[in-house]
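Here the structure is laid out as structure tokens; the discussion comes afterwards.
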Amino acid sequence: MIRKQKEAIINELAVDLGKCVVAITTDYRGMTAKEMVQLRKQMHIHGVEYKVVKNTLMHFAAEKAGVKGLEQFLTGPVAIALGYDDAVKPAKILTDHIKAANSVLKIKGGILGDKVLSIADVISLATIPSREILISQLMGRLMAPVSALHYVLSSPLRGLVVVLQARAKQLEGA
């Protein structure tokens, strides 16, 4: 590669690392081209970039972007998943792909903000429900006290209505 091409790649990777919320490194040795294309399509659908990178170029890009801790994962063939809007999506896609396709893909680790993620951290990150589910759970929990208050406050009125209806029937029958 020409030096200008390398500089362009480093600049592009540095910008991507600066914008991303999470970066997860993987070892893709042994994956078929078909499997790699399938994984990239799946990631693209969810707004995640998956790039095969040279270790030296990624090292320089991480240094330029001010990302610390990524160097330890830059050994052997490396592909990196970059998530921009949701930190859970890349981890979930990778772990689901490994389970579903019985893939040889191996997660090396990653970066979430300033925190270095181990393999176990990435796997536990994948078990977190999606953002939409978490929001709906939060809304349900916020609505529970309001619903309970509504039930408690309307209960005496319902009791009064039942008593009045019973009395009306009693007077009709007499």
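For the sequence shown, the numbering used here assigns the number 3 to the initial residue and increments by one for each residue that follows.
The beta carbon of each residue, even a glycine, is placed where N, CA and C say it ideally should be.
Because the structure is a prediction, the values reported are computed rather than measured.
- Using a 10 angstroms sphere on the CB of GLY112, the tally of other CB atoms reaches 16 or more, which defines it as buried.
- Nearest in C-alpha terms to GLY32, of all of ALA16, ILE100, LEU72, LYS94, is ILE100.
- Shown here for PRO79: same chain residues with a beta carbon closer than 7 Å to its own, the five before and five after excluded, namely ASP29, TYR30, ARG31 in chain order.
- Judged by DSSP in its simplified three-state form, THR58 adopts helix.
- Apart from the 5 residues on each side of it in sequence, ALA102 has no Cβ closer than 6 Å to any other Cβ in its chain.
- Shown here, GLY20 sits in a helix according to DSSP, grouped into three states.
- For LYS110, the enclosing beta strand (DSSP E) covers residues 108-114.
- If you check the CB distance, LEU127 and VAL90 come in under 8 Å.
- Between HIS46 and ILE95, the C-beta spacing is not below 8 Å.
- GLU51 is bridged by DSSP to LEU84.
- Boundaries for LYS70: no beta strand (DSSP E) harbours it, and the DSSP string shows neither H nor E there.
- Within the DSSP secondary-structure output, ILE26 pairs in a beta bridge with ALA83, GLY112.
- For THR97, the enclosing alpha helix (DSSP H) stretches over residues 90-102.
- Contact check between the segment 6-23 and the segment 36-44: fewer than three CB pairs, one atom from each, fall below 8 Å, which does not count as touching.
- Closest by C-alpha distance to GLY115, out of LYS6, GLU134, PRO131, ALA25, is ALA25.
- Burial state of GLY68 is exposed, judged by a 10 Å Cβ sphere holding fewer than 16 other Cβ atoms.
- Straight-line measurement puts the Cα of LEU136 at about 30 Å from the Cα of MET38.
- For PRO147, the enclosing alpha helix (DSSP H) covers residues 133-175.
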